[in-house]
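Shown next, in structure tokens, is the structure this report addresses.
Numbering (our numbering), first residue to last: 6 to 288.
This is the structure:
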């Protein structure tokens with residue numbers, strides 16, 4: 006009964022927070038409505054200011070998932086401005102909205118037109134890559150993702166991982182493109198664990214055990230020596246039938262656990278790793 010009450014209370018708080026967020030959006034929309042209304046002399050705001058206000062209101066409607074109202078406001082911006090940069094932004098927003106609405110063909114038309122006007126518009130490149138996925142053109146998606154990453158001052162690990170997810174969908178040479186992209190991420194950002202993990206998996210899927218071990222060795226010494234990576238190395242050596250090296254890696258993993266302070270050593274995750282390492286050594 007206490008659990009049921011707790012769940013009901015949690016759900017009630019969630020609904021209250023959601024309602025509060027929508028109420029705040031509604032207040033902001035009403036404020037925009039007031040700014041867009043004629044003043045006491047019947048005068049409208051300037052054309053440029055009016056267009057920017059419509060753009061902001063359209064974004065608020067988007068947050069409220071009122072797609073029809075978003076489209077109306079964005080179309081009104083196109084009718085109310087000669088500002089080339091603002092019109093480019095609107096092509097982007099309209100294309101992104103079409104993609105989110107499950108209309109990839111229309112999204113492609115709008116985003117492509119927008120990119121013709123501004124080839125370096127990063128967000129449009131990313132959304133066009135996502136559009137190609139919806140259109141089942143995986144190769145074009147990866148090519149577009151390559152351009153998107155090249156435009157960034159510094160891509161994030163998640164962006165390289167996203168590139169890999171797209172490349173993985175390509176038949177035949179997709180896995181090679183995954184490895185190529187992840188290697189670029191490691192070269193640009195350093196041996197970040199999330200990228201190394203995926204790169205090791207990709208090499209192992211192709212049976213390239215030595216390349217997988219080489220990538221693990223790129224990790225800093227204090228990271229490489231962690232029990233999870235020693236377990237990983239031991240398993241790879243085991244697959245290569247290098248049993249002495251595998252046993253050494255498993256023992257190194259156990260030793261690193263034994264050197265941990267007690268509060269870390271007794272955490273469920275570390276105890277699980279210890280059990281796995283001990284089981285490997287007992288086989």
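For each residue, glycine too, the CB sits at the ideal point set by N, CA and C.
- Cβ contact annotation for residue 216 (same chain, cutoff 7 Å, sequence separation greater than five): 208, in chain order.
- By the beta-carbon neighbour count (other beta carbons within 10 angstroms, threshold 16), residue 226 is exposed.
- Nearest C-alpha to residue 125 among 137, 97, 251, 167: 97.
- For residue 136 and residue 74, the gap between their C-alpha atoms comes out near 23 Å.
- The beta carbons of residue 237 and residue 278 sit no closer together than 8 Å.
- Every alpha helix (DSSP H) of 4 residues or more that sits fully in the segment 221-250 is shown, in chain order, as 226-229, 232-244.
- Rounded to whole angstroms, the gap between the alpha carbons of residue 122 and residue 202 is 39 Å.
- Assigned with DSSP and collapsed to three states, residue 119 falls in helix.
- Collapsing the DSSP output to three states places residue 140 in coil.
- With distances taken between CA atoms, residue 252 lies nearest to 288 out of 83, 288, 146.
- The beta-carbon distance between residue 147 and residue 182, rounded to whole angstroms, is 6 Å. This is short enough to meet the 8 Å contact definition.
- In this structure residue 165 touches residue 187 by the C-beta definition: roughly 6 Å separates them, less than 8 Å.
- Going by DSSP, residue 102 is part of the alpha helix (DSSP H) stretching over 89-105.
- Residue burial is scored here from C-beta neighbours: residue 168 has at least 16 other C-beta atoms within 10 angstroms and is therefore classed as buried.
- Collapsing the DSSP output to three states places residue 162 in a helix.
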